[in-house]
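**Student:**
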């Protein structure tokens with residue numbers, strides 16, 4: 349499966365998608381089509397870590413004072429499912445590989 353989870357209002361996502369050939373990918377805009385439990389668990393099976401999928405840059409991270417809490421893998425999973433902004437983006441699934449986040453080094457691996 350080749351899929352990209354992104355947010356259309358995110359400048360970084362737009363820049364990355366513009367710079368790569370997405371014709372072979374299924375695009376899923378996570379605000380209008382939230383990630384499902386099954387999809388998140390499939391991504392997790394490639395990363396073996398929910399924390400790596402979690403964005404600490406989300407405004408709600410600060411609003412909810414999560415930095416002062418001890419979060420578990422279960423917490424990271426639940427927060428991502430409850431609030432789309434907690435999914436670090438873009439998430440690019442290329443068959444059995446996954447690229448999470450926006451660093452140029454990660455994106456250039458395609």
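In my numbering, the protein residues as written are 349 to 458.
Cβ atoms here follow ideal geometry from the backbone N, Cα and C, with glycine treated the same way.
These numbers were taken from a predicted model, which means no experiment stands behind them.
1) Given residue 372, which residues of its chain have a CB within under 7 angstroms of its CB, disregarding the five upstream and five downstream residues?
2) Give a yes or no on whether the C-beta atoms belonging to residue 408 and residue 445 are separated by under 9 angstroms.
3) May I ask which residues mark the beginning and end of the alpha helix (DSSP H) holding residue 302?
4) Apart from the five residues on each side of it in sequence, which residues of its chain come closer than 7 angstroms, Cβ to Cβ, to residue 358?
5) With residue 429 and residue 401 assumed to form a contact (beta carbons below 8 angstroms), what rounded beta-carbon distance in angstroms separates them?
6) How far does the beta strand (DSSP E) with residue 377 in it reach, from first residue to last?
7) For residue 388, is the classification buried or exposed, using 16 other Cβ atoms within 10 angstroms of its Cβ as the cut-off for buried?
8) Measuring alpha carbon to alpha carbon, tell me which of 422, 447, 352 ends up nearest residue 382.
9) Taking the beta carbon of residue 374 as the centre, do at least 16 other beta carbons fall within 10 Å, making it buried, or is it exposed?
10) Between the alpha carbons of residue 440 and residue 354, how many angstroms are there, rounded?
**Tutor:** According to the structure data:
1) Correct list, in chain order: 350.
2) Not closer than 9 angstroms, so no.
3) Past the edges of the chain, shown from 349 to 458, lies residue 302, and the structure says nothing about it.
4) Answer for residue 358: 437, listed in chain order.
5) Between residue 401 and residue 429 the Cβ distance is about 11 angstroms, and since that is not below 8 angstroms, they are no contact.
6) Unbroken beta strand (DSSP E) run through residue 377: 374-377.
7) With a threshold of 16 other beta carbon atoms within 10 Å, residue 388 meets it and is buried.
8) Considering only alpha carbons, the answer is 352.
9) Answer is exposed; the Cβ neighbour count stays below 16.
10) C-alpha separation (whole angstroms): 9 angstroms.
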